[in-house]
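Numbering (the working numbering), first residue to last: 110 to 279.
The beta carbon of each residue, even a glycine, is placed where N, CA and C say it ideally should be.
Worksheet: one structure, shown below.
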Amino acid sequence: MFHDLFAIPQLFGYLAFIFGVGCFLQKSDLRFKAFMSIECISYVIHFWLLGNPTAAASSAVSVGRSLASMRSRSPWVALFFVLLSLGMGVWLASGWLSLLPIIASCVGTTALFLLKGIRMRALMLLGTLLWLINNIVSGSYGGTLLELVILSTNSWTIWRLWLDGQQRLA
């Protein structure tokens with residue numbers, strides 16, 4: 110089971126882990142999206158090497174989505190990425206579990222384009238849970254660790270943002 114902890118596919122999962130943790134520690138939405146782009150590039154390679162095409166495709170769409178969301182908040186751009194994710198899902202899905210990264214991508218797209226601050230990060234928690242299940246099923250050590258850490262770091266950042274808002278009200 111642990112003989113492949115340092116196999117090439119797992120190393121890319123660990124790289125995604127590093128950038129993913131950095132992503133959810135950011136209070137700046139722009140830095141959040143930049144870190145997420147790098148995390149997703151690592152995930153594309155990781156899931157491709159693990160033989161999970163829907164997760165690799167979802168991550169590839171997420172790279173473009175994260176970069177586009179840095180420049181646009183258009184619902185039409187969001188719709189394009191949701192439809193692209195759904196199209197990839199229909200094309201590549203091999204069962205209901207393989208749809209989890211596609212659904213997570215649609216949730217993430219909605220969060221990144223239509224929400225900001227605490228609301229964006231709260232919706233990202235749903236995507237985190239979907240990715241966690243996918244990563245466990247895929248045998249992704251770094252990805253599983255990432256999603257577990259994201260649950261806590263994202264919650265911590267939401268708490269910090271909430272406190273910042275409370276201090277402004279005081």
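(request) With a threshold of 16 other CB atoms inside 10 Å of the CB of residue 117, please say whether the residue is buried or exposed. (result) Reading the sequence shown from its first residue, position 8 is the one you call residue 117. The residue is exposed, with fewer than 16 neighbouring Cβ atoms inside 10 Å.
(request) Assign residue 268 to buried or exposed, taking buried as 16 or more other Cβ atoms, counted over all protein chains shown, within 10 Å of its Cβ. (result) Position 159 of the sequence shown holds residue 268. With fewer than 16 Cβ atoms within 10 Å of its Cβ, residue 268 is classed as exposed.
(request) State the Cα-Cα distance for the pair residue 205 and residue 199, rounded to the nearest angstrom. (result) As a working note, residue 205 is residue 96 in the sequence shown. As a working note, residue 199 is residue 90 in the sequence shown. Each residue's alpha carbon lies about 11 Å from the other.
(request) Compare the Cα-Cα distances from residue 142 to each of 128, 123, 248 and 191 and report the closest residue. (result) Counting from 1 along the sequence shown, the entry for residue 142 is found at position 33. When only C-alpha atoms are compared, the closest one is 128.
(message) Using only the alpha-carbon positions, how far apart do residue 272 and residue 202 sit?
(response) By one-based count along the sequence shown, residue 272 stands at place 163. By one-based count along the sequence shown, residue 202 stands at place 93. For residue 272 and residue 202, the distance between alpha carbons rounds to 42 Å.
(request) Leaving aside the five residues before and after residue 182 along the sequence, list all residues of the same chain whose C-beta is less than 7 Å from its C-beta, in chain order. (result) Residue numbering aside, residue 182 sits at position 73 when the sequence shown is read from its first letter. These residues qualify, in order along the chain: 222.
(message) Does residue 217 come out as helix, strand or coil in the three-state DSSP assignment?
(response) By one-based count along the sequence shown, residue 217 stands at place 108. For residue 217, the three-state secondary structure derived from DSSP is helix.
(message) Relative to the C-alpha of residue 156, which candidate in 260, 192 and 125 has its C-alpha closest?
(response) Taking the sequence shown and counting its residues from 1, the one referred to as residue 156 is at position 47. Closest option to residue 156, Cα to Cα, is 125.
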